[in-house]
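Q: Mind looking over this structure? Questions follow.
2 protein chains.
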Amino acid sequence: MVALVAAIPMSAQAETGYDAWLRYAPLPPTVLTRVGSVPRSVTLLGDSPVLRSARDEIVRGLGSMHASTIATGTSLPRTSTILLGTLDRVRPVVPAAPAAAELAPDGFWLGTATARGQAVLVVAGRNERGVLYGAFALLQRIALGEDVSRLNERQEPAAPIRWVNHWDNLDGTIERGYAGRSIFFENGRVQEDLSRVRDYGRLLASVGVNGLTVNNVNANALVITDGFIPQLARIADVLRPWGVSLSVSIDFSSPRRIGGLDTFDPLDARVAAFWKDRVDALYRAIPDLGGIVLKADSEGRLGPSAYNRTHADAANVIARALAPHGGVIFYRGFVYDNLMDWRDPKNDRARAAYDNFHPLDGKFDANAVVQIKHGPIDFQVREPASPLFGALRNTNQAIELQITQEYLGQQRHVCFLVPMWKAVLDFDMQATSTSPGTPVRDLVSGRTFNRPVGGFVGVSNVGRDTNWLGHDLAMANLYGFGRLAWNPTTSARTIATDWTTLTFGHDPQVVETVTSILLDSWPAYERYTGPLGAGTLTDIIRVHYGPGIESSERNGWGQWHRANGQGIGMDRTIATGTGFTAQYIPLVGAQYESTASTPDELLLFFHHVPYTHVLHSGKTVIQHIYDSHYQGAQEAADFVKRWRRLDRLIDRQRYASVLARLEYQAGHAVVWRDAINNWFLWLSDIADANGLAGRFPGRIEAESMARERYANTPVVPWETASAGQAMTCEPGETCSARHRYQGPAGTFDVAVQFFDENDGASRFTLFTGDRVIESWVADGEFGSPSPNGHTSTRHTVRGVRLSPDDELRVQVTTDGMESGALDYIEITASP
Amino acid sequence: MVALVAAIPMSAQAETGYDAWLRYAPLPPTVLTRVGSVPRSVTLLGDSPVLRSARDEIVRGLGSMHASTIATGTSLPRTSTILLGTLDRVRPVVPAAPAAAELAPDGFWLGTATARGQAVLVVAGRNERGVLYGAFALLQRIALGEDVSRLNERQEPAAPIRWVNHWDNLDGTIERGYAGRSIFFENGRVQEDLSRVRDYGRLLASVGVNGLTVNNVNANALVITDGFIPQLARIADVLRPWGVSLSVSIDFSSPRRIGGLDTFDPLDARVAAFWKDRVDALYRAIPDLGGIVLKADSEGRLGPSAYNRTHADAANVIARALAPHGGVIFYRGFVYDNLMDWRDPKNDRARAAYDNFHPLDGKFDANAVVQIKHGPIDFQVREPASPLFGALRNTNQAIELQITQEYLGQQRHVCFLVPMWKAVLDFDMQATSTSPGTPVRDLVSGRTFNRPVGGFVGVSNVGRDTNWLGHDLAMANLYGFGRLAWNPTTSARTIATDWTTLTFGHDPQVVETVTSILLDSWPAYERYTGPLGAGTLTDIIRVHYGPGIESSERNGWGQWHRANGQGIGMDRTIATGTGFTAQYIPLVGAQYESTASTPDELLLFFHHVPYTHVLHSGKTVIQHIYDSHYQGAQEAADFVKRWRRLDRLIDRQRYASVLARLEYQAGHAVVWRDAINNWFLWLSDIADANGLAGRFPGRIEAESMARERYANTPVVPWETASAGQAMTCEPGETCSARHRYQGPAGTFDVAVQFFDENDGASRFTLFTGDRVIESWVADGEFGSPSPNGHTSTRHTVRGVRLSPDDELRVQVTTDGMESGALDYIEITASP
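Just so you know, the sequences run in chain order D and Y. Position one of the first sequence corresponds to residue 71 (the numbering used here), numbered consecutively onward. Position one of the second sequence corresponds to residue 71 (the numbering used here), numbered consecutively onward.
Given below as structure tokens:
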């Protein structure tokens with residue numbers, strides 16, 4: 071049987087991505103050899119939903135990977151077995167196991183030993199969750215082809231908090247979700263079928279995530295009403311076997327909205343009573359509720375400022391209601407004024423978290439946690455570590471990392487975030503003078519200042535797309551978040567390699583290619599979006615996706631890069647700027663205070679410099695902008711080439727699905743490249759020393775083609791269309807643009823750059839003469855009904871034979887209100 | 071009676087503006103004395119509709135101004151009389167009259183003489199039109215209070231062509247009309263009631279206009295079908311008594327559209343036959359048809375290029391059809407590529423007219439006229455004279471002047487255009503080496519090169535607003551066009567003074583104030599919109615009204631100013647630019663070739679210079695931009711003050727109507743000032759040496775006010791809203807913004823800056839505390855449904871009493887889809 075299975079090439083098997091990294095694909099013989107002997111039976115000591123999950127997972131995983139049946143039992147058999155149980159149940163049988171007290175909660179021990187004369191492979195947990203995590207760890211080792219014949223290993227999590235947040239709304243939409251609608255909600259209710267929630271809980275457990283906040287931080291007050299709590303309980307019931315505690319986001323004005331009070335003043339006794347009543351009601355339905363998440367006084371959400379109360383007052387009134395139940399409140403540090411006057415050069419959104427929370431250090435109750443985004447702004451492609459991490463010594467903190475790629479390509483671009491997260495987690499805040507320092511990972515886990523609680527929160531936003539996050543490669547971020555939350559010292563390469571092997575198998579070319587694409591992806595994204603710390607340079611007002619340079623200027627939201635005709639960057643120095651650098655411990659702040667000691671990649675975050683400023687690299691800022699965009703876009707194009715070499719080494723479905731996204735990304739990276747470079751070329755009036763920016767050989771603008779019914783339209787912002795213009799077609803019309811090819815005969819790739827608006831599904835067709843070469847439908851959802859940097863899309867038709875005088879024709883038949891807008895075509899020799 | 075009339079103050083009489091400059095108001099005694107004795111009878115020699123118009127006008131005008139009855143007769147009476155007739159009828163009776171041959175067609179002689187023993191005041195014309203023009207001239211002299219007791223004066227027009235063009239569509243809309251719908255058309259037909267057309271014909275005749283093209287140059291082909299021609303004939307019938315010939319604009323593709331042909335190739339015999347057939351049909355219905363106007367191969371209109379034919383081919387096929395009837399074809403020189411590649415620094419729309427028509431000089435038939443816009447672009451606030459005027463020596467030409475204020479405030483701003491037109495008409499093109507030179511006025515009239523036909527075309531676009539052009543003061547432009555077409559050497563001051571006296575009476579303060587406002591208005595408009603020849607800096611893509619700096623960059627329409635971070639201006643030199651200056655006669659071109667000899671006001675039209683370039687004035691370009699915008703806006707504010715001093719010196723209705731427009735203009739001038747200055751302040755990063763630009767004392771941004779339901783919105787383009795943002799309100803909502811006043815007690819003017827979109831009529835109310843101070847409806851039509859530079863509008867509430875802690879509140883109740891957008895309020899001490 072094994073031989074037969076191995077004989078079916080990977081490419082013939084269709085995989086949907088639903089199984090993610092828990093595929094348990096049958097192992098090839100060479101791998102089996104490396105793993106060594108593994109017992110074919112499981113013995114579970116004790117019984118509970120979580121313990122049964124652990125046992126069933128071993129049965130499922132081992133049975134699948136070894137293509138054999140796994141026996142189960144509840145007492146030691148006469149043959150070798152995998153022994154599962156908590157340490158206090160295991161140790162009497164296996165004295166070599168550590169004492170429970172030696173391990174932190176959720177920790178586990180994997181060991182090989184002899185019990186009653188038989189070889190046993192022990193998976194023992196400090197608690198039931200530990201057993202479950204140990205089972206997953208063992209299965210992962212086997213799946214990765216590691217030798218499990220001699221094990222003696224203790225593992226414990228870096229921190230007690232390893233949660234995901236979901237920004238799901240009760241109507242089924244997801245704020246900043248890019249993979250379909252909510253798996254939890256629809257039409258104001260919890261869904262009937264929660265099987266996807268169950269399978270999602272399993273994924274989370276497999277990487278050690280132990281909590282899930284189910285609804286949007288911009289919360290609907292109804293979520294804690296008596297009518298809704300039973301529905302929440304159904305979700306908690308499904309997650310419980312996976313050791314995942316449910317938690318909820320709340321609306322701070324709930325006492326007024328749903329409580330019948332005329333106030334939500336946290337110091338009002340009636341308000342305190344309201345919160346106690348609601349929290350008690352929650353715990354009656356969900357005894358293992360993890361706690362509550364609160365976004366207040368930010369982006370229009372009501373908060374304690376309405377009564378001149380502090381964030382601590384707000385957190386503590388709820389903390390006190392939670393304390394008797396062992397619950398925790400997460401108070402989001404993402405508090406800022408979104409009506410800030412951009413004309414005041416001293417205003418700085420980056421200051422907000424520290425300014426709001428540092429004065430309150432020590433004022434929060436022991437079960438309150440300040441949840442701090444990893445950087446001081448909002449998940450931009452490059453930010454320094456938030457100074458607040460180093461400023462809270464007597465307050466619990468957690469780091470908020472964003473798995474959903476809100477500003478980082480929205481899962482249409484591959485962008486492996488682990489290296490970005492690690493840059494912050496490993497950053498030494500120098501909060502104490504001790505050696506070896508105080509990296510962010512130790513501050514947020516509570517280790518540095520011995521806080522009772524702390525940890526890692528990931529904003530996940532999976533959806534109903536079969537593969538959870540839309541892009542198969544994006545699952546590396548969900549996996550990576552769990553791995554880092556468990557052990558933030560794990561290297562990005564290890565995480566990438568492990569995930570790739572689990573997800574795509576052991577073929578060395580596959581592992582090396584996918585791993586390296588992952589590791590190269592964030593630097594590439596940074597290069598073709600916003601290098602040097604200027605921010606992502608996207609539309610920050612609404613869509614947060616394509617290029618939109620000026621939208622992050624002159625707004626109330628405080629996300630500014632201050633680019634003008636002479637230079638670029640936010641001056642955040644003490645000497646001449648906003649004084650933000652003073653929020654860091656002086657040794658750290660001093661580094662950022664001077665351009666000489668600020669690393670290039672953060673230069674424009676901390677300094678406003680002329681375009682001619684020379685970087686440590688020896689390049690000028692403006693030349694770096696040009697070069698990095700060309701380099702980044704080239705890297706994105708290379709991802710396609712690298713991926714295409716995996717044809718038939720990966721199953722057909724995922725190969726094609728990822729290829730389509732990478733092709734799209736390569737096209738959109740060109741949109742980014744050209745938008746940013748054209749804009750700065752215009753603004754600075756400084757030419758690209760390499761002569762690349764602003765020149766587009768092989769490009770034929772739609773405006774210069776012979777047209778039927780297509781009409782010229784300016785695109786806003788101009789830099790998001792080639793030559794600032796597109797050709798648009800009226801609703802219900804068929805329009806076309808023709809180009810007579812005059813180059814040498816040969817085989818070419820023809821890229822059609824069009825705009826895929828979200829208010830219709832227009833059909834595009836490419837002809838040579840009267841012959842249809844390819845036809846496709848523009849049915850993408852890029853968040854905008856207009857031609858712009860979000861909707862600009864490339865469709866490349868490969869291997870088109872062209873002879874001189876051949877006519878290429880792009881024809882569109884519009885649909886809905888979509889304009890069928892065409893930007894240009896580009897003809898390049900086929901590789 | 072006279073005494074009684076004089077005792078009624080002007081302000082008590084309501085005047086609608088319908089009578090324009092032909093009010094014939096009863097003359098005050100002092101004026102009557104200056105005029106001297108005028109006969110109270112009119113004797114008309116001969117009879118025709120035009121002659122009867124002349125006689126009836128004298129009866130009407132004289133009777134009204136002298137408040138007496140005028141007798142009429144057809145043979146010399148025994149008393150003194152005003153003798154009307156053509157010279158060949160008059161001379162036998164009055165031998166002192168000149169011979170007809172001594173005067174050009176349409177010329178006239180005004181003389182005092184004795185005939186059969188009686189004093190006669192003779193109004194004798196070279197032709198019937200001449201009689202009519204003489205009658206109007208006599209009435210104007212009397213109305214202006216000039217002595218008519220001794221007259222001996224010949225007048226002849228500068229050119230045979232003195233036409234107006236109307237851009238009216240058959241559906242009743244008017245392209246670039248700002249005073250209501252068409253007086254000619256509605257629902258695809260000529261209107262039943264043409265009484266307004268008749269009265270408009272009278273206005274035209276009074277200033278010597280002898281032709282009218284009734285429909286849009288972007289012509290509907292149906293206009294020359296058998297079904298439509300009889301309708302045109304009805305208009306011609308109404309205009310004929312005023313000596314105004316009708317003409318029509320045609321669609322060059324008519325042979326295909328309405329002629330049943332498969333071609334419109336001008337060299338195809340079937341096409342020539344089509345045109346002959348249609349022209350014959352037109353002349354059968356309208357024997358005195360003036361001719362045809364044609365816009366071809368421009369802005370999407372089909373033309374001869376479809377068959378690789380020339381503009382001369384196109385003009386001549388129609389000219390040949392017209393010639394037997396004495397008709398003329400006007401071929402518009404406004405031909406350019408509206409899909410021009412802005413990235414090519416050698417591309418230049420300004421070159422288009424010359425490049426298209428200069429090679430064809432001498433190829434046009436004798437009854438074809440090339441109709442040339444006064445500048446090489448398109449009616450911008452400042453352009454040099456079109457070089458084509460100097461380049462056509464063997465081709466008839468006419469100058470196209472635009473009375474409708476398309477780019478010049480759309481009759482919401484006062485902008486007296488005569489000084490601008492004169493700057494071009496008086497410009498010496500140095501087309502020959504003769505002295506005293508070849509001013510444009512002599513080139514277009516045909517005088518310089520002895521062309522058989524030529525002259526002046528004004529784009530008028532009056533509408534159904536009672537006062538014809540919307541703004542009472544805009545009528546000075548229609549009047550001024552006629553005066554200049556008749557005699558382009560007339561000074562702007564004379565025209566302004568005459569028009570003011572005719573329109574508002576003899577009060578010296580009124581005459582001086584209105585005349586000076588008129589003369590100051592174009593310079594002011596230039597200062598607060600686009601100084602130094604950069605173009606109007608408006609939205610050139612659609613609305614052509616409010617500030618929209620970047621819309622005139624990076625478009626296919628070729629109207630570019632090339633502003634970037636370092637400098638501004640179009641380099642049109644031979645040495646380094648587009649070579650446009652080579653289109654001028656070398657002596658003229660040489661002046662523009664160098665920055666040293668280019669006048670400041672055209673610097674940026676011809677040169678790209680750094681912001682720090684020093685003007686002849688001694689200022690830098692950037693400082694000039696800042697200063698001129700402050701100066702211009704201040705001048706607009708002063709117009710209001712100056713006008714207010716005329717309260718009770720002008721009739722209430724026109725006083726109030728003009729005041730409302732001037733108040734609006736003053737507010738919109740601030741929008742212009744701030745938009746342009748803020749944008750260049752950002753772009754150049756060079757501060758205003760006077761510290762004005764970018765600082766707004768007394769301004770309270772809506773974003774910084776306490777708000778109910780109002781939500782923050784970025785405004786596009788950002789520079790058209792203060793701080794780049796506005797507060798908007800949902801449809802059907804009532805929203806408000808509050809400000810607690812903290813200054814000293816006193817009386818203040820409160821300016822509310824809001825956006826008056828065209829998709830609703832929202833109600834704004836200003837409160838102090840609970841008291842309504844003023845309420846108004848935003849029902850303006852500024853061509854846009856969004857908050858931007860077109861819709862930004864100021865409502866100033868004067869004399870508001872404020873004490874510390876008083877709350878000012880702006881409340882809006884939205885209507886339709888209008889957003890009730892609020893920008894800011896500004897509190898200034900009442901004067």
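Just so it is clear, CB atoms sit at the ideal spot from N, CA and C, and this is done for glycine as well.
1. With 9 angstroms as the C-beta to C-beta threshold (strictly closer), list the residues of the stretch 552-575 of chain D near chain Y in chain order.
2. Using a C-beta cutoff of 8 angstroms, does V786 of chain Y count as contacting chain D?
3. Helix, strand or coil for P429 of chain D, going by three-state DSSP, please let me know.
4. Can you name the residues of chain D whose CB is closer than 8 angstroms to the CB of W846 of chain Y?
5. How many Å lie between V75 of chain D and T465 of chain D at the Cα?
6. At a CB-CB cut-off below 7 angstroms, which residues of chain Y make contact with D755 of chain D?
7. Taking Cβ-Cβ distances below 8 angstroms as the criterion, which residues of the stretch 406-417 of chain D are in contact with chain Y?
8. Return the chain-ordered list of same chain residues with a C-beta closer than 7 angstroms to the C-beta of Q225 of chain D, the five sequence neighbours on each side being excluded.
9. Taking C-beta pairs closer than 8 angstroms, name the residues in chain D that N782 of chain Y reaches, listed in chain order.
10. With which residues is T783 of chain D paired in a DSSP beta bridge?
11. Might you give, ordered along the chain, the residues of its own chain that have their beta carbon closer than 8 angstroms to the beta carbon of D431 of chain Y, omitting 5 neighbours on each side?
12. Just to check, is the beta-carbon of A339 of chain D closer than 7 angstroms to a non-hydrogen atom of the ligand FMN?
13. Under a CB-based cut-off of 8 angstroms, is A793 of chain Y close to chain D?
14. Sort D:L589, D:S150, D:G839 and D:I695 by Cα distance to G187 of chain D and report the nearest one.
15. When burial is assigned at 16 or more other CB atoms within 10 Å of the CB, is A77 of chain D buried or exposed?
16. When DSSP builds the beta bridges, which residues end up paired with F400 of chain Y?
17. Please classify G618 of chain D: does DSSP put it in a helix, a strand, or coil?
18. In this structure, how does DSSP classify P509 of chain D when only helix, strand and coil are distinguished?
19. Within 10 angstroms of the Cβ of R612 of chain Y, are there 16 or more other Cβ atoms? Answer buried if so, exposed if not.
20. For W752 of chain D, go through chain Y and note every residue whose CB falls closer than 9 angstroms to its CB, in chain order.
21. Just by C-beta distance, which residues in the stretch 601-613 of chain Y are closer than 8 angstroms to chain D?
22. Would E773 of chain D pass as a contact of G250 of chain Y if the rule is Cβ separation under 8 angstroms?
23. Checking the sheet assignment: what are the DSSP bridge partners for N222 of chain D?
24. With a threshold of 8 angstroms between beta-carbons, can E773 of chain D be considered close to chain Y, or not?
25. W556 of chain Y by DSSP, collapsed to three states: which one?
26. If you check the beta carbons only, do V164 of chain Y and A185 of chain Y fall under 8 angstroms apart?
27. Inspect the beta-carbon positions of V451 of chain Y and G403 of chain Y and report whether they are closer than 8 angstroms.
28. So with Cβ pairs under 8 angstroms, would you call I78 of chain Y a contact of chain D?
29. For S832 of chain Y, which beta-bridge partners are listed by DSSP?
A: This is what the structure holds:
1. Taking 9 angstroms as the Cβ-Cβ cut-off against chain Y, none of the residues of the stretch 552-575 of chain D qualify.
2. Yes - at least one Cβ of chain D is within 8 angstroms of the one on V786 of chain Y.
3. Residue state, collapsed to three classes: helix.
4. Think of a sphere of 8 angstroms around the beta carbon of W846 of chain Y: no beta carbon from chain D falls inside it, the nearest being about 27 angstroms out.
5. In this prediction, V75 of chain D has a pLDDT of 38, which is less than 50 and means its spatial position is unreliable; nothing more can be read from the coordinates.
6. Here the neighbours are N634, G635 and Q636.
7. Of all residues in the stretch 406-417 of chain D, N408, L409, D411, W412 and R413 have a Cβ within less than 8 angstroms of some Cβ in chain Y.
8. If the five residues before and after Q225 of chain D are omitted, its C-beta is found closer than 7 angstroms to the C-beta atoms of G177, F178 and A207, all from its own chain and listed in chain order.
9. Near N782 of chain Y (Cβ distances below 8 angstroms), the residues of chain D are N408, L409 and G626.
10. Answer is D:A796, bridged to T783 of chain D.
11. Cβ within range, chain order: A461, L462, R463, N464 and T465.
12. With respect to the ligand FMN, the structure shown offers nothing to examine, as it has no ligands at all.
13. With respect to chain D, the C-beta atom of A793 of chain Y has a partner C-beta closer than 8 angstroms.
14. Closest option to G187 of chain D, Cα to Cα, is D:S150.
15. Because A77 of chain D carries a pLDDT of 37, less than 50, the predicted location of this residue cannot be relied on, and no value is offered for it.
16. Per DSSP, Y:V363 and Y:V439.
17. G618 of chain D falls in the coil class under three-state DSSP.
18. Strand, per DSSP.
19. Taking a 10 Å sphere around the C-beta of R612 of chain Y, we find fewer than 16 other C-beta atoms and assign the residue as exposed.
20. Chain Y residues near W752 of chain D: E623, R624, N634 and G635.
21. Those would be I611, in chain order.
22. With respect to the 8 angstroms criterion, E773 of chain D and G250 of chain Y are not classified as neighbours on the basis of their beta carbons.
23. Answer is D:G181.
24. Against chain Y, the CB of E773 of chain D has a partner CB under 8 angstroms away; the residue lies at that interface.
25. Three-state result, W556 of chain Y: helix.
26. Between V164 of chain Y and A185 of chain Y, the CB-CB gap stays under 8 angstroms.
27. Against a cut-off of 8 angstroms, the Cβ pair of G403 of chain Y and V451 of chain Y comes out as no contact.
28. In this prediction, I78 of chain Y scores a pLDDT of 42, lower than 50, which makes its location untrustworthy; the coordinate-derived value is nonetheless stated afterwards. Chain D contact via Cβ: absent.
29. According to DSSP, which records beta bridges pairwise, S832 of chain Y is partnered with Y:A848.
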